[in-house]
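Undergrad: Pasting a structure below so you can have a look.
Residue numbers (the numbering used here), protein chains in the order written: chain A, 22 to 330; chain B, 2 to 341.
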């Protein structure tokens with residue numbers, strides 16, 4: 022009788038100890054050991070290139086090649102931390118526009134994130150709450166654009182940009198690079214879904230208080246939808262920061278290239294300095310790593326949100 | 002919300018419509034004469050189009066809100082599709098776009114007889130057919146193993162996720178250097194007694210390397226998606242099954258698999274489309290070579306259109322490829338949805 026009551030009252034604590042009562046047979050120990058060994062081997066495989074990239078950026082190229090066939094290649098050549106950053110300094114000295122490339126990347130990302138958040142969120146809100154003639158048709162088109170994988174991206178976009186005169190000057194090219202990246206069917210859909218899940222009472226209360234639709238959105242809805250804005254901002258930032266192919270096409274001049282496209286110049290520079298290449302790769306990864314470390318909550322949320330779609 | 006108004010309008014009819022919402026703003030704004038006023042005269046906040054009633058302010062603000070997205074979307078999403086479709090029947094050349102001739106299905110005929118195109122298609126299919134299942138298995142396997150709350154698992158989760166932080170460009174440059182003739186991997190292989198490999202200089206090995214680095218870079222991301230999918234399965238279901246005498250294998254096949262199927266199908270389809278569009282890695286690491294061994298469809302379309310400026314031909318291939326991908330993606334969606 023008591024046992025039944027316990028089970029009903031605290032089902033979880035009663036069942037959990039069960040697991041520990043399983044006998045430790047040799048078979049189970051072997052399975053467990055294989056699991057840990059396998060995970061560790063995979064872990065090394067996943068991490069060693071990145072470890073090597075960072076460590077190699079801390080030593081001169083000659084030392085990298087000297088140590089390549091010994092385990093020393095995975096350890097810093099000196100413990101004098103001040104010497105580690107020689108290649109980083111060289112990087113900025115050898116490439117006049119490396120610093121500019123960093124600033125370019127920051128600028129392109131900032132504009133893209135701001136544009137994406139504004140344009141797609143208001144469109145998503147309109148489709149979620151502000152019914153107008155054609156809004157259902159628009160929603161259908163957006164869903165179609167998400168479902169159908171259209172392979173037309175770069176070439177016709179380039180044609181359109183040339184028709185619009187956005188390839189004619191270096192300033193125009195910046196606009197030509199940034200504008201196509203702002204509207205996204207997927208983000209509009211994501212915003213729409215999020216706003217549809219918010220309680221309607223908020224807007225009704227705002228309407229009774231006399232707030233117009235525009236004000237209701239910017240003053241009441243937007244601050245309450247921080248989570249979705251953060252998620253979209255992070256994913257957009259990562260996409261914009263990591264973009265390579267389109268940037269490579271749009272910016273032939275070194276001083277306009279964002280960091281990812283600039284890596285090509287560092288990597289193909291003759292004579293090649295491997296240490297400097299690794300330093301450039303590390304520098305271009307740091308911002309993304311920071312975003313991942315500080316915003317992991319939003320990333321996991323965003324991932325599960327898109328996964329549940 | 003709209004339906005309520007619709008009903009009210011219908012019952013009140015056109016002449017005297019004084020709905021609750023209609024009278025409200027009067028309290029805040031200009032005070033309408035109570036009782037004796039003529040509400041009929043005030044302009045209605047609703048209007049009807051094709052038998053559907055809309056709120057005027059919703060329409061105005063809604064249209065303004067979608068306008069920026071609509072303009073940008075028409076220029077950079079819809080127009081490229083239309084242009085691609087129309088140029089595929091012409092001989093459009095990138096530097097002579099004002100002088101375009103209609104050539105019927107010539108570009109499509111050319112495409113089907115183009116050996117380089119078939120080669121690119123074959124390479125892409127090899128990439129897709131190996132990368133997608135292997136990456137799915139690695140990601141799902143890792144997620145299943147790491148789906149318990151042990152401290153060490155948190156570390157492993159992070160470790161497998163680290164490559165995701167590298168962009169495709171950084172991944173390609175990094176591995177490109179590692180797989181150099183005198184690079185780290187060859188140094189390790191010589192040390193292990195396996196001997197030096199040509200790697201990216203060998204048509205056979207180059208695609209293998211691109212497949213490997215793509216899985217290496219991407220698996221952690223799908224692992225994260227699967228982990229969040231697994232976390233959503235309620236532990237009570239497992240407990241109930243255990244009480245009913247289901248063993249671990251049965252629990253896996255009858256609870257875990259059906260419950261993460263939606264996540265699985267989402268990951269599969271996104272991954273498949275991503276794999277079909279492989280371009281960055283070969284562009285950086287091999288420029289499609291050696292001997293066109295890593296030329297992919299997306300890269301070929303890009304090369305024809307941008308490098309060789311043959312926009313007409315590039316568009317035709319893009320159209321064929323879009324149809325091909327859509328058929329696969331939509332079929333898969335259909336099949337996966339039926340199972341739910």
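C-beta: ideal position from N, C-alpha, C; glycine also.
Can you tell me the Cα-Cα spacing of residue 99/B and residue 197/A, whole angstroms?
TA: Your numbering for residue 99/B matches position 98 in the second chain. Your numbering for residue 197/A matches position 176 in the first chain. If you take the alpha carbons of residue 99/B and residue 197/A, they lie about 20 angstroms apart.
Undergrad: My output table needs one value for residue 297/B: the three-state DSSP class, helix, strand or coil.
TA: As a working mapping, residue 297/B is identified with position 296 in the second chain. Three-state DSSP puts residue 297/B in coil, outside helix and strand.
Undergrad: Residue 66/B versus chain A: which residues are under 7 angstroms apart at the beta carbon?
TA: Your numbering for residue 66/B matches position 65 in the second chain. In chain order: 143, 144, 146, 147, 151.
Undergrad: Going by C-alpha to C-alpha distance, which of 53/B, 298/B, 70/B sits closest to residue 144/A?
TA: Along the first chain, read from residue 1 onward, the residue named residue 144/A stands at position 123. Taking only the C-alpha atoms, the option nearest residue 144/A is 70/B.
Undergrad: Apart from the five residues just before and just after residue 266/A, which ones in its own chain have a Cβ nearer than 8 angstroms to its Cβ?
TA: Taking the first chain and counting its residues from 1, the one referred to as residue 266/A is at position 245. Taken in chain order, the residues that qualify are 175.
Undergrad: For residue 188/A, I'd like the list of residues in its chain whose CB is within less than 7 angstroms of its CB, leaving aside the five on either flank, ordered along the chain.
TA: Residue numbering aside, residue 188/A sits at position 167 when the first chain is read from its first letter. Once the five neighbours on either side are set aside, the close Cβ partners of residue 188/A are 182, 194, 197.
Undergrad: Can you confirm whether residue 132/B, when its beta carbon is compared against all beta carbons of chain A, has any partner nearer than 8 angstroms?
TA: Position 131 of the second chain holds residue 132/B. No, because no Cβ of chain A sits closer than 8 angstroms to the Cβ of residue 132/B.
Undergrad: Within its chain, find whatever has a CB closer than 8 angstroms to the CB of residue 109/A; leave out the 5 residues flanking it on each side and keep chain order.
TA: As a position in the first chain, residue 109/A is number 88, starting the count at 1. Correct list, in chain order: 78, 300, 304.
Undergrad: So the beta strand (DSSP E) residue 50/B belongs to, where does it begin and stop?
TA: On the second chain, residue 50/B is found 49 positions in, with the first residue counted as 1. Element bounds for residue 50/B: 47-50.
Undergrad: Can you check whether the C-beta of residue 63/B is within less than 8 angstroms of a C-beta belonging to chain C?
TA: Absent from the structure is chain C; the protein chains it does hold are A and B.
Undergrad: On the premise that residue 321/B lies in contact with residue 112/B, defined as a C-beta separation below 8 angstroms, what is that separation, rounded to the nearest angstrom?
TA: The residue given as residue 112/B occupies position 111 in the second chain. The residue given as residue 321/B occupies position 320 in the second chain. Indeed, because the Cβ distance is near 6 angstroms, the residues count as touching under 8 angstroms.
Undergrad: Give the range of the beta strand (DSSP E) segment to which residue 54/B is assigned.
TA: Mapped onto the second chain, residue 54/B falls at position 53. Taken as a continuous stretch (DSSP letters only), the beta strand (DSSP E) holding residue 54/B covers 53-56.
Undergrad: Might you give, ordered along the chain, the residues of its own chain that have their beta carbon closer than 7 angstroms to the beta carbon of residue 157/B, omitting 5 neighbours on each side?
TA: Along the second chain, read from residue 1 onward, the residue named residue 157/B stands at position 156. Excluding sequence neighbours, residue 157/B sits near 147.
Undergrad: Mind listing the chain A neighbours of residue 194/B? Cutoff is C-beta to C-beta under 8 angstroms, in chain order.
TA: Position 193 of the second chain holds residue 194/B. The premise fails here: residue 194/B is roughly 12 angstroms from chain A at the closest Cβ pair, so nothing lies under 8 angstroms.
Undergrad: Taking 8 angstroms as the threshold (beta carbon to beta carbon), is residue 252/B in contact with chain A?
TA: In the second chain, counting from the first residue as 1, residue 252/B sits at position 251. Not one chain A Cβ lies under 8 angstroms of residue 252/B.
Undergrad: With DSSP run on the structure shown, which of helix, strand or coil describes residue 91/B?
TA: Stepping through the second chain from its first residue, residue 91/B is reached at position 90. Correct three-state label for residue 91/B: strand.
Undergrad: Over the uninterrupted alpha helix (DSSP H) stretch that includes residue 246/A, give me the two end residues.
TA: Numbered from 1 along the first chain, position 225 holds the residue referred to as residue 246/A. Neither: residue 246/A is in no alpha helix (DSSP H) and is coded neither H nor E.
Undergrad: Using only CA atoms, which one of 179/A, 148/A, 178/A lies nearest to residue 164/A?
TA: Reading the first chain from its first residue, position 143 is the one you call residue 164/A. When only C-alpha atoms are compared, the closest one is 148/A.
Undergrad: Pull up the distance between the alpha-carbon of residue 287/B and that of residue 247/A, whole angstroms please.
TA: The sequence position of residue 287/B within the second chain is 286, counting from 1. The sequence position of residue 247/A within the first chain is 226, counting from 1. Roughly 43 angstroms between the two C-alpha positions.
Undergrad: Report the option in 62/B, 186/B, 225/B whose CA atom is closest to the CA atom of residue 194/B.
TA: Here residue 194/B refers to the residue found at position 193 of the second chain. Checked all of 62/B, 186/B, 225/B; the closest Cα to residue 194/B is 186/B.
Undergrad: Quick check on residue 180/B: does DSSP put it in helix, strand or coil?
TA: The residue you call residue 180/B lines up with position 179 of the second chain. Of the three classes helix, strand and coil, the one that applies to residue 180/B here is coil, per DSSP.
Undergrad: Confirm, please, whether the CB-CB distance from residue 191/A to residue 274/A is below 8 angstroms.
TA: Taking the first chain and counting its residues from 1, the one referred to as residue 274/A is at position 253. Taking the first chain and counting its residues from 1, the one referred to as residue 191/A is at position 170. In contact: residue 274/A and residue 191/A (Cβ atoms closer than 8 angstroms).
Undergrad: Looking at C-beta atoms only, is the number of pairs between the region 237-244 of chain B and the region 174-183 of chain B that lie closer than 8 angstroms three or more?
TA: Segments in contact, no.
Undergrad: Quick check on residue 46/B - is its C-beta less than 8 angstroms from some C-beta in chain A?
TA: What you label residue 46/B is simply residue 45 of the second chain in a count that begins at 1. It does not; no Cβ of chain A falls within 8 angstroms.
Undergrad: Name, please, each residue of chain B whose Cβ falls closer than 9 angstroms to the Cβ of residue 288/A.
TA: By one-based count along the first chain, residue 288/A stands at place 267. Within 9 angstroms Cβ-Cβ: 174, 177, 178, 285.
Undergrad: Could you check the C-alpha separation between residue 48/A and residue 132/A for me, to the nearest Å?
TA: Sequence index remark: in the first chain, residue 48/A carries index 27 (1-based). Sequence index remark: in the first chain, residue 132/A carries index 111 (1-based). When rounded, the distance between both Cα atoms is 58 angstroms.
Undergrad: Taking Cβ-Cβ distances shorter than 7 angstroms, what residues in chain B pair up with residue 310/A?
TA: As a first step, residue 310/A must be located in the first chain, where it is residue number 289. Ordered by position in chain B, the residues that pass the 7 angstroms Cβ test against residue 310/A are 166.
Undergrad: Need the endpoints of the alpha helix (DSSP H) that residue 82/A sits in, please.
TA: Within the first chain, numbered from 1, the residue matching residue 82/A stands at position 61. From DSSP, the alpha helix (DSSP H) with residue 82/A extends over 82-88.
Undergrad: Express the C-alpha separation of residue 290/A and residue 96/B in angstroms, rounding to a whole number.
TA: Here residue 96/B refers to the residue found at position 95 when the second chain is read from its first residue. Here residue 290/A refers to the residue found at position 269 when the first chain is read from its first residue. Those two C-alpha atoms are separated by around 30 angstroms.
Undergrad: Does residue 178/A have its Cβ less than 8 angstroms from a Cβ in chain B?
TA: Position 157 of the first chain, counting from 1, holds the residue named residue 178/A. Yes, because at least one Cβ of chain B sits closer than 8 angstroms to the Cβ of residue 178/A.
Undergrad: Count the C-beta pairs between the region 201-211 of chain B and the region 282-301 of chain B that are closer than 8 angstroms, then say yes if the count reaches three, no if not.
TA: Contact between the region 201-211 of chain B and the region 282-301 of chain B is present, because at least three Cβ pairs lie under 8 angstroms.
Undergrad: If we cut at 8 angstroms on Cβ distances, does residue 323/B have a partner in chain A?
TA: In the second chain, the residue the question calls residue 323/B occupies position 322. With 8 angstroms as the cut-off, residue 323/B counts as an interface residue toward chain A.
Undergrad: Considering only heavy atoms of the ligand MG, does any lie closer than 7 angstroms to the CB of residue 99/B?
TA: The ligand MG is not among the ligands present in this structure, which contains no ligands whatsoever.
Undergrad: In the DSSP assignment, find the alpha helix (DSSP H) that holds residue 316/A and state where it starts and stops.
TA: Reading the first chain from its first residue, position 295 is the one you call residue 316/A. Counting along the chain, residue 316/A falls outside any alpha helix (DSSP H), and DSSP gives it neither H nor E.
Undergrad: Could you list which residues in chain B have their beta carbon closer than 8 angstroms to that of residue 281/A, in chain order?
TA: Reading the first chain from its first residue, position 260 is the one you call residue 281/A. In chain order: 168, 170, 171.
Undergrad: Using three-state DSSP, classify residue 161/B as helix, strand or coil.
TA: To locate residue 161/B, count along the second chain from 1; it is residue 160. Note: residue 161/B maps to helix in three-state DSSP.
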